[in-house]
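In UniProt numbering, the protein residues as written are 1 to 252. Let me begin by presenting the structure, written as structure tokens, before commenting on it.
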């Protein structure tokens with residue numbers, strides 16, 4: 001996406017946490033750091049004035065929290081948001097604030113790059129004064145080959161997606177389909193309220209998870225409705241836990 005410059009602000013009371021994000025941003029020419037803040041009160045004032053396109057913001061800070069900062073901004077002034085946190089518990093209302101992603105501290109480089117790629121994908125769908133992304137941005141079907149035919153597999157039929165080198169394998173209704181896209185790319189194009197990446201090699205449709213069992217190393221074991229067992233790594237657990245809470249609230 002040539003010529004794109006996404007203006008970024010970082011909000012975190014820990015200087016080392018801000019530095020970790022800045023180092024990764026410096027390696028991506030599409031992003032420009034325009035401000036950093038060490039507390040929620042100054043962040044609220046600065047974001048309202050500067051109107052950055054994207055903000056990385058700590059969930060828990062002394063004084064005003066990251067969620068409170070976002071909630072205090074008028075909906076049309078809220079930037080795309082990636083939440084940073086050292087904890088595994090999240091506020092479900094973050095989905096209503098259109099958070100793009102959640103990163104667990106210490107921030108994993110691959111997860112941070114995935115969040116940046118998601119922002120790049122969402123950015124063209126944003127109106128100049130609109131903070132939420134348009135619903136049409138999310139992938140609705142997959143184009144797959146079957147012999148000489150090209151078939152469309154709706155995302156609602158896909159139970160999980162697994163990495164296969166430079167490709168990905170869809171599991172849908174007992175069938176498998178090969179998609180000519182990397183799992184990393186697909187993760188940025190799927191609605192996070194419906195699909196979540198749970199491991200470097202796996203994306204799962206949330207309503208297919210029948211059981212989640214926490215493991216001692218902060219990973220988790222997932223059992224899907226078809227009986228499949230999958231491992232969810234700690235790197236992806238924050239976004240997964242919050243997405244499941246959100247799903248449970250919506251279906252309660």
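Even glycine gets a Cβ: it sits at the ideal position worked out from N, Cα and C. Nothing here was measured: the structure is a model prediction, and the numbers come from that model.
DSSP, reduced to helix, strand and coil, places residue 181 outside both helices and strands of the structure shown, so it counts as coil. Per DSSP, the unbroken alpha helix (DSSP H) holding residue 41 starts and ends at 40-50.
For a cut-off of 8 Å, the C-beta gap from residue 168 to residue 183 is around 5 Å, short enough to register as a contact.
In this structure residue 251 is exposed. Its beta-carbon is surrounded by fewer than 16 other beta-carbon atoms within 10 angstroms.
Rounded to whole angstroms, the separation of the alpha carbons of residue 54 and residue 204 is 26 Å.
Runs of alpha helix (DSSP H) with 4 or more residues, each lying fully within the UniProt domain "HTH LytTR-type" (142-246), are found at 183-189, listed in chain order. Assigned with DSSP and collapsed to three states, residue 7 falls in strand. Here DSSP, grouped into helix, strand and coil, assigns residue 113 to helix. Inter-residue distance for residue 141 and residue 6 is about 28 Å (C-alpha atoms, whole angstroms). Around the CB of residue 188, 16 or more other CB atoms lie within 10 Å, so the residue is classed as buried.
In this structure residue 146 is exposed. Its beta-carbon is surrounded by fewer than 16 other beta-carbon atoms within 10 angstroms.
Taking every protein chain shown into account, the CB of residue 81 has 16 or more other CB atoms within 10 angstroms, so this residue is buried. Within the DSSP secondary-structure output, residue 57 pairs in a beta bridge with 11 and 83.
In the structure shown, the three-state DSSP call for residue 25 is helix. Between residue 232 and residue 198, the CB-CB gap stays under 7 Å. Between residue 30 and residue 213, the alpha-carbon positions lie close to 39 Å from each other.
Distance from the Cα of residue 45 is smallest, within the candidate group 137, 163, 158 and 66, for 66.
A contact between stretches requires three or more CB pairs, one per stretch, nearer than 8 Å, and the stretch 116-123 fails this requirement with the stretch 233-252. Judged by DSSP in its simplified three-state form, residue 32 adopts strand. In the displayed model, residue 139 falls within coil according to three-state DSSP, outside both helix and strand. A distance below 6 Å between beta-carbons, with the five flanking residues on each side excluded, links residue 36 to the following residues of its chain, in chain order: 10 and 18. Distance from the CA of residue 108 to the CA of residue 235, rounded to the nearest whole angstrom, comes to 7 Å.
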